[in-house]
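Trainee: Numbering-wise, numbering that gives the first Met the number 0 puts 140 at position 141 of the sequence shown, and it's gapless, one number per residue.
Using N, Cα and C, we set each Cβ at its ideal position, and we do this for glycine too.
Before I ask anything, let me first share the structure, which is written out below as structure tokens.
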Amino acid sequence: MTKIAIAIATFLGIGYIPGPTGTYGSLATALIFYLVTFRTGTPNGWWLSGLTFIIFSIGVWAAERVAQTTGNPDPKIVVVDEVVGQLVTWIFVPVRPFTLVAGFLLFRVFDIIKPFPARQLESAHGGWGIVLDDVMAGIYANLVLQGLIRFVDF
Numbered sequence: 000m001t002k003i004a005i006a007i008a009t010f011l012g013i014g015y016i017p018g019p020t021g022t023y024g025s026l027a028t029a030l031i032f033y034l035v036t037f038r039t040g041t042p043n044g045w046w047l048s049g050l051t052f053i054i055f056s057i058g059v060w061a062a063e064r065v066a067q068t069t070g071n072p073d074p075k076i077v078v079v080d081e082v083v084g085q086l087v088t089w090i091f092v093p094v095r096p097f098t099l100v101a102g103f104l105l106f107r108v109f110d111i112i113k114p115f116p117a118r119q120l121e122s123a124h125g126g127w128g129i130v131l132d133d134v135m136a137g138i139y140a141n142l143v144l145q146g147l148i149r150f151v152d153f
């Protein structure tokens, strides 16, 4: 069971790549999202909400297991939180090259600076604290994207 949790939490090993693991997790998510939405023409409304909820639920469990196994409350190898937050960024956002790039960049900025209450959510217990701050960063990025789309014609 620990191997499954590690595979999920590290997004199939991406969390082991040396360097900015959060950025790598977000970038991998962006590439997969691009392939699924642009190549298949799949819209990103309710199906993305459902998928994100499923990954969130499994990700909280996996992050908690890896944290317990490593003895680190927020292991750097865990990137499933970035996957969830990055997907939250694009829920109900029209899929365009601009929104993909802007969504990636906005999420990374909000994930790094952690505006209120994202930083406070990190103190939640176990896997919840690992994942919830990224959900909040994704919500902020989504709101900014929604505003840009409505006020600027892309």
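Where do the N-terminal and C-terminal ends of the alpha helix (DSSP H) with Y23 fall, by residue?
Mentor: Residues T20 to T39.
Trainee: Taking the Cβ atom as the reference point for each residue, do V78 and T22 lie within a distance shorter than 7 Å?
Mentor: No, they are not a contact pair.
Trainee: Quick one: is T1 buried, meaning 16 or more other Cβ sit within 10 Å of its Cβ, or exposed?
Mentor: It is exposed - the Cβ of T1 has fewer than 16 other Cβ atoms within 10 Å.
Trainee: Quick check: the stretch 75-92 against the stretch 23-42, are at least 3 beta-carbon pairs closer than 8 Å?
Mentor: Output reads yes: the stretch 75-92 touches the stretch 23-42.
Trainee: Is A4 helix, strand or coil by DSSP?
Mentor: Looking at A4 - three-state DSSP - the assignment turns out to be helix.
Trainee: Starting from V130, trace the alpha helix (DSSP H) in both directions and tell me its first and last residue.
Mentor: Taken as a continuous stretch (DSSP letters only), the alpha helix (DSSP H) holding V130 covers G125 to F150.
Trainee: Applying the 10 Å Cβ sphere with the 16-neighbour rule, what's the burial state of G146?
Mentor: Classification of G146: exposed, given that the 10 Å Cβ count is below 16.
Trainee: Closer than 8 Å is the cut-off here; do at least three beta carbon pairs connect the stretch 57-77 with the stretch 101-113?
Mentor: The stretch 57-77 is not in contact with the stretch 101-113.
Trainee: Indicate whether L47 and V92 have their beta-carbon atoms separated by less than 7 Å.
Mentor: Result no, Cβ atoms of L47 and V92 do not sit closer than 7 Å.
Trainee: Out of curiosity, what's the CA-to-CA distance linking R149 and G84?
Mentor: Computed Cα separation, rounded: 22 Å.
Trainee: Are the Cβ atoms of M135 and A117 separated by less than 7 Å?
Mentor: In contact: M135 and A117 (Cβ atoms closer than 7 Å).
Trainee: Closest by CA to E81, which one among V35, R107 and E121?
Mentor: Of the listed residues, the one whose Cα sits closest to E81 is R107.
Trainee: Buried or exposed for V100, please, with buried defined as at least 16 other CB atoms from any protein chain shown within 10 angstroms of its CB.
Mentor: With fewer than 16 other Cβ atoms within 10 Å, it is exposed.
Trainee: So for T9, helix, strand or coil by DSSP?
Mentor: Coil.
Trainee: Of all the options L34, I5 and F97, which has the alpha carbon lying nearest to the alpha carbon of T69?
Mentor: Checked all of L34, I5 and F97; the closest Cα to T69 is I5.
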